[in-house]
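Just below is one structure, and these are the notes that go with it.
Here it is in structure tokens:
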């Protein structure tokens, strides 16, 4: 969005395709691109930002048609799929790279552009708490605040904008917390029976698993979400180098070593027993 | 702690009195002052940091004995109670002022000192989300990360170090959420009946009220904690300029316009009805 705003303000003809399922928590940012001409031309170069693989952009294959693709990214697994690739794995956020680019270009960075860039750095560093919260990420965030980004407003919109349903779902999941092996494993459960407000939309349970990982001593956590009778969505998290991706794969799912997921066709009890068994294997318990 | 470390390393004789009820979430910082000579001399100057009123330091009245008091603070209501007063209301944190002081002095700032200063800025700015999250707070945080402060570790210790009891208390309070006036008022409840792990320690419910304030549309929130039969501790929060300190005062409590509290001798239902009535008056409802 920042790149779009800034290039538009420089007089470039740019088009920004927003996904249909634009996340609700970023809804306030829509106005950052309002009022700019954005008719799709079907020609010109394609700039892909913060995307490590071509397949994630569903229209790129059919609409590339010999157009140049410029890839700007900070993921280290980016295979350089563009015609021009600017990939900086040391950068905390692609938004941070865009900020540097705009300054290099002497491009306009107004309050809304600064806000979009701030949101990129804030979210990619997990509110300045991940290992990519480098000195540079703080310095650049400070510059963006100088340029008009408002940390209070932006943090509130992205992180403290719960629906009451979401609040209640957190409550149910946390109340149903159950630990195993002296708290090394923690299970949270969202069952259909105890909640009226239950929705299968991922947005309604997003981030709940992180509460489990906020408990001291927990090495592996799982959230069991009953999305339909005998259909359980399982989210897995781990730390200290424990790899839970194999657990997810065992049940036909996938993911990363520290964050994986799967769906199990069984009732809650059976699903939890099966997952516990697999986690025990990973942890070396008999 | 940072000031103590740094002054000690400069060869000064310094004593740092820690409070008996040193908060558990800062327990990891104890090692920052281990190994330094800290026998209490009963003489020399007294440096008071981040404290806006004399009365908050219970030993200052009896032990001042003509010793000079140096007050370093960023609260705008500081009445300059020291013999020497350095009060900067524009500063995001007293820890930030200490950082500037240490740099001015050319004092040593090692990894642990930088970590203590980072924690001061991080907590006082609410993880860089309050209105005091100024450009300077980001720039200084970045410098401290350069000097060895580890955002991931420090954020984890201070903010993601829940006990399982605390997790379950959040769950109960959130599950018991009840809204009034189309969600403008939100009540959370921690009752003795539904929780086994209930503890009256403030630490065990600290911050739960903030979840209520994270719900969109909520202007006033209250947490009702049944600390004994017919004894309800009420925490109040508000935004958009709504003053709830009067509600707390009505029940013999006190606080700030946006954060106040009181204790009511009544059962939960009676206490909630009474508080709701007072909040309605503040909001101008009949």
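Protein chains in written order, with my numbering: chain G, 1 to 286; chain D, 1 to 286. Glycine included, C-beta positions come from ideal geometry on N, C-alpha and C. Because the structure is a prediction, the values reported are computed rather than measured.
Close partners of residue 102 (chain G) in chain D (Cβ separation under 7 Å) are lacking, with about 18 Å as the shortest Cβ gap.
Interface flag for residue 164 (chain G) against chain D is set, since a Cβ pair is found closer than 9 Å. Counting every other CB atom within 10 Å of its CB across the protein chains shown gives residue 22 (chain D) a total below 16, marking it as exposed. A Cβ of chain D is located within less than 9 Å of the beta carbon of residue 159 (chain G).
About 11 Å separates the Cβ atoms of residue 82 (chain G) and residue 67 (chain G), ruling out a contact at the 8 Å cut-off. If you compare the alpha carbons of G:134, G:152, G:147 and G:26 with that of residue 132 (chain D), the shortest gap goes to G:152. Counting C-beta atoms within 10 angstroms of its own C-beta, residue 104 (chain D) has fewer than 16 neighbours from the protein chains shown and is therefore classed as exposed. Judged by DSSP in its simplified three-state form, residue 178 (chain G) adopts strand. Here the C-alpha atom of residue 111 (chain G) lies approximately 33 Å from the C-alpha atom of residue 63 (chain G).
Looking at the backbone, the Cα of residue 167 (chain G) and that of residue 191 (chain D) are separated by about 18 Å. Flagged as an interface residue toward chain G: residue 146 (chain D), by a C-beta distance shorter than 9 Å. Taking 9 Å as the threshold, the shortest C-beta distance from residue 57 (chain G) to chain D does not fall below it.
Between residue 108 (chain G) and residue 6 (chain G), the gap from beta carbon to beta carbon is short of 9 Å.
Within the DSSP secondary-structure output, residue 232 (chain D) pairs in a beta bridge with D:226 and D:264. When the Cα atoms are used, residue 56 (chain G) and residue 154 (chain G) turn out to be separated by approximately 27 Å.
Comparing alpha-carbon positions, the option among D:250, D:3 and D:147 lying closest to residue 48 (chain D) turns out to be D:3.
Put simply, the CB of residue 123 (chain G) is far from chain D, with every gap to its CB atoms at 9 Å or more. Residue 222 (chain D) counts as buried, since no fewer than 16 other beta carbons sit within 10 angstroms of its beta carbon. In this structure, the beta-carbon distance from residue 215 (chain D) to residue 236 (chain D) does not fall below 9 Å.
Sorting G:118, G:183 and G:217 by C-alpha distance to the C-alpha of residue 96 (chain G) places G:118 at the top.
The Cβ neighbour count for residue 285 (chain G), taken over all protein chains shown within 10 Å, is under 16; the residue is labelled exposed. Interface criterion not met: the Cβ of residue 67 (chain G) is under 9 Å from no Cβ in chain D. Membership of residue 71 (chain G) in the beta strand (DSSP E) is indicated by the continuous run 69 to 73.
Chain G has a Cβ within less than 9 Å of the Cβ of residue 174 (chain D).
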